[in-house]
Amino acid sequence: MSVKRTVAEINERIRKGQAVVMTAEEVARLVKEKGTRKAAAEVDVVTTGTFGPMCSSGAIINTGHTKPRIKMKKAWFNDVEAYCGLAAVDCYLGATELPESDPENRVYPGAFPYGGAHVIQELVAGKEVRFRAIAYGTDCYPRKEIETTVSLKTVNEAYLFNPRNCYQNYNCAVNLSDRTIYTYMGVLKPNLGNANYCSAGVLSPLLKDPLYRTIGIGTRIFLGGGVGYVVGPGTQHNPEVRRLPSGVPAGGAGTLAVTGDLRGMSPEFVVGVSFTGYGVSLAVGLGVPIPVLDEEVMRHAALGDEDLVTQVIDYSHDYPEMVARSLGEVSYAQLRSGSVQIQGREVPTVSLSSLPKARKIAARLKEWIGAGDFLLSEPAATLPGPGSGIAIKALHERARKH
Amino acid sequence: MTAKVAHKIVLHFPQQTWDRPIVCMLAKEFDLCFSISKAEITHEEEGLVVLDLSGAESEYKRGIKFLKEQGVRVEPLERDVTRVEAKCTHCGACLAVCPTEALDVDRETWLVSFDPGKCVACELCIAACPPRAMQTAL
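Going line by line, the protein sequences match chains W and Y.
The first sequence begins at 1 in the working numbering and counts up one residue at a time.
The second sequence begins at 1 in the working numbering and counts up one residue at a time.
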């Protein structure tokens with residue numbers, strides 16, 4: 001008899017402490033040993049995890065009202081500006097924002113030692129940060145300036161709101177030029193000196209639910225060491241890409257917009273990072289539980305690094321110039337082996353996402369569910385999938401109309 | 001009879017010194033003995049040589065003076081690179097640039113290890129490390 005389960009049935013088993021939970025790495029081995037049907041019958045939930053730089057991240061912070069009141073026009077946390085085009089004391093601190101004093105790439109390649117992501121990590125670590133705001137003053141909000149310190153203890157709300165995290169799959173970056181280049185994919189040595197990739201592969205959440213059958217709007221997730229939620233498809237969600245017969249996208253595809261309270265998070269899983277010559281980003285730890293509703297869900301969740309592929313892209317010319325060209329398709333098993341063949345050359349591979357942390361996240365989520373502390377949620381709506389017609393667009397410049 | 005000395009040093013050769021046989025002059029002119037443990041052209045197109053240099057103390061001093069006159073920057077290898085363990089996320093970005101495998105990854109645990117004994121203090125990892133866990137102890 002084929003396996004069928006509902007999220008409600010799985011939650012009932014979690015509550016009773018009876019749910020069988022395994023990480024995606026564990027079920028990949030289990031399915032090889034016992035086959036999909038038996039594995040689907042045995043396991044209720046598969047946990048995934050990923051930890052890597054996710055630029056499209058930031059925090060929404062409500063600092064609390066001052067006396068007299070202020071309607072902030074501009075605000076800075078440790079000299080990093082937050083966007084204030086919201087209500088009086090609401091602001092959005094973007095992860096990649098830099099202090100105005102940063103020399104950027106004027107001395108190339110710039111070091112970018114500090115930015116919004118580092119402020120967010122410090123807040124999560126419980127530190128106090130300097131806060132300054134200015135305003136023009138109104139009858140109801142007369143104050144024009146404030147300078148103080150804030151922390152997660154002093155502010156009202158402080159939550160991560162990341163418009164695009166958890167890329168389903170990501171390019172493997174190389175450099176075909178004859179000079180070292182500095183990218184968001186790390187330092188790329190000339191003439192195919194190294195190939196940098198950024199995916200947890202076998203553990204990567206959206207690679208394990210490639211057709212978005214279980215992950216959708218409202219899905220409860222591990223975010224930054226605490227609990228978060230999927231808000232919707234992330235920006236640049238692009239489900240209509242070429243897929244392997246298994247349904248897995250052969251390159252970048254789906255993304256997630258996520259949110260979660262900074263207060264439950266840990267600086268171990270919310271880390272400000274600096275990419276020389278590029279800028280600042282936030283490394284985010286994110287894990288998604290996949291309810292094993294049937295055999296198909298298990299077949300996808302158990303795909304191994306050898307079943308998952310990505311495209312090798314040149315970052316010296318093709319990527320910046322929007323030239324759609326792949327230098328080859330490589331599997332994550334090949335990337336994990338230490339080198340791949342590109343244009344007849346053996347190129348050493350380098351991971352930008354941390355597998356040890358991805359494993360820790362999948363294991364942590366497994367513990368939470370096993371202990372009955374974390375119930376699964378049925379999506380309020382699904383994410384656009386293949387056939388939805390949703391596809392990423394480029395910005396084409398048009399002549400100005402007079 | 002002057003005392004013998006031996007030091008591990010890092011030489012940084014600016015681009016304009018490429019065509020001059022500088023290191024071999026240490027042996028010819030100053031009777032110094034050298035053993036090169038690392039030589040490469042870095043991404044900034046600077047020559048980097050790590051060597052053990054030994055000989056009579058007075059000649060050693062003259063040899064170092066000669067190097068500096070040639071525009072070579074001389075640093076003791078003791079200007080070590082260290083890793084702030086709490087900051088390392090074990091992503092592996094540093095592996096792209098480490099020339100000596102002082103930074104290495106265990107392909108079972110995927111933890112990145114740092115062996116200061118293999119480090120030649122080229123410092124390429126410092127700029128390549130996203131969480132800035134690699135630092136120089138000055």
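For glycine and all other residues, C-beta sits at the position ideal for the given N, C-alpha and C.
Given the structure is predicted, the values throughout are model-derived calculations rather than measurements.
Annotated three-state conformation of W110/Y is coil, per DSSP. Contact residues of the region 241-275 of chain W toward chain Y are V271, G272, V273, S274 and F275 (C-beta to C-beta distance below 8 Å).
Here T148/W carries a strand assignment [DSSP, helix/strand/coil]. Distance between M322/W and T149/W, taken at the CA atoms: about 43 Å.
Following the DSSP letters along the chain, one finds H300/W inside the alpha helix (DSSP H) bounded by residues E295 to A301. Here K38/Y carries a strand assignment [DSSP, helix/strand/coil].
One alpha carbon belongs to P239/W, the other to A301/W, and they sit about 18 Å apart. With contacts defined as CB atoms closer than 8 Å, A133/Y and C88/Y qualify as a contacting pair. Comparing alpha carbon positions, the residue from A371/W, P348/W and H317/W closest to D178/W is H317/W. Counting along the chain, C172/W sits inside the beta strand (DSSP E) bounded by residues C172 to V174. With fewer than 16 other CB atoms across the displayed protein chains lying within 10 angstroms of its CB, T136/Y is exposed. When C-beta atoms of the region 153-172 of chain W are compared with those of the region 210-230 of chain W, three or more pairs fall below 8 Å, so the two segments count as touching.
Under a criterion of Cβ atoms nearer than 7 Å, the residues of chain Y adjacent to L352/W are, in order, C91 and A93. Note on geometry: alpha-carbon atoms of C91/Y and L352/W lie some 5 Å from one another. Scanning the region 43-73 of chain Y for uninterrupted alpha helix (DSSP H) segments of 4 residues or longer gives 57-69, listed from N- to C-terminal end. Look at D305/W here: in three-state DSSP terms it is helix.
Judged by their CB atoms, N162/W and M54/W are nearer to each other than the 8 Å cut-off.
Comparing alpha-carbon positions, the option among E128/W, A391/W, V288/W and E157/W lying closest to Q236/W turns out to be A391/W. The straight-line gap separating the alpha-carbon atoms of S377/W and T259/W is approximately 15 Å. Between the region 58-71 of chain Y and the region 22-35 of chain Y there are three or more C-beta pairs closer than 8 Å, enough to call the two in contact. Minimum Cα-Cα distance from T382/W among the listed residues G216/W, N194/W and K144/W corresponds to G216/W. Not flagged as an interface residue toward chain Y: N238/W, since no C-beta distance is shorter than 8 Å. For N78/W, no CB of chain Y lies under 8 Å from its own CB, so it is not counted at the interface with that chain.
Using a CB distance cut-off of 8 Å, T100/Y does not count as an interface residue toward chain W.
The secondary-structure analysis by DSSP pairs H402/W with nothing; it has no beta-bridge partner. I41/Y counts as exposed, since fewer than 16 other C-beta atoms from the protein chains shown sit within 10 angstroms of its C-beta. The region 132-139 of chain W and the region 150-158 of chain W do not touch, with fewer than three beta-carbon pairs separated by less than 8 Å.
Here K4/W carries a coil assignment [DSSP, helix/strand/coil].
Counted as a single uninterrupted DSSP element, the alpha helix (DSSP H) harbouring Q121/W occupies residues G116 to V124. In the same chain as I36/Y, and ignoring 5 residues on each side of it, the C-beta atoms closer than 8 Å to its own belong to V23, V49, V50 and L51, in chain order. Where K28/Y is concerned, the enclosing alpha helix (DSSP H) starts and stops at I22 to F30. Annotated three-state conformation of I134/W is strand, per DSSP. Between A111/W and S274/W, the C-beta gap is smaller than 8 Å, which places the two residues in contact.
Taking the beta carbon of A121/Y as reference, no residue of chain W falls within 7 Å; the closest one sits roughly 18 Å away. The three-state secondary structure of I369/W, taken from DSSP, is helix. Neighbours of N194/W in chain Y, taken as residues whose beta carbon is under 9 Å from its own, are L95, A96 and V97 in chain order.
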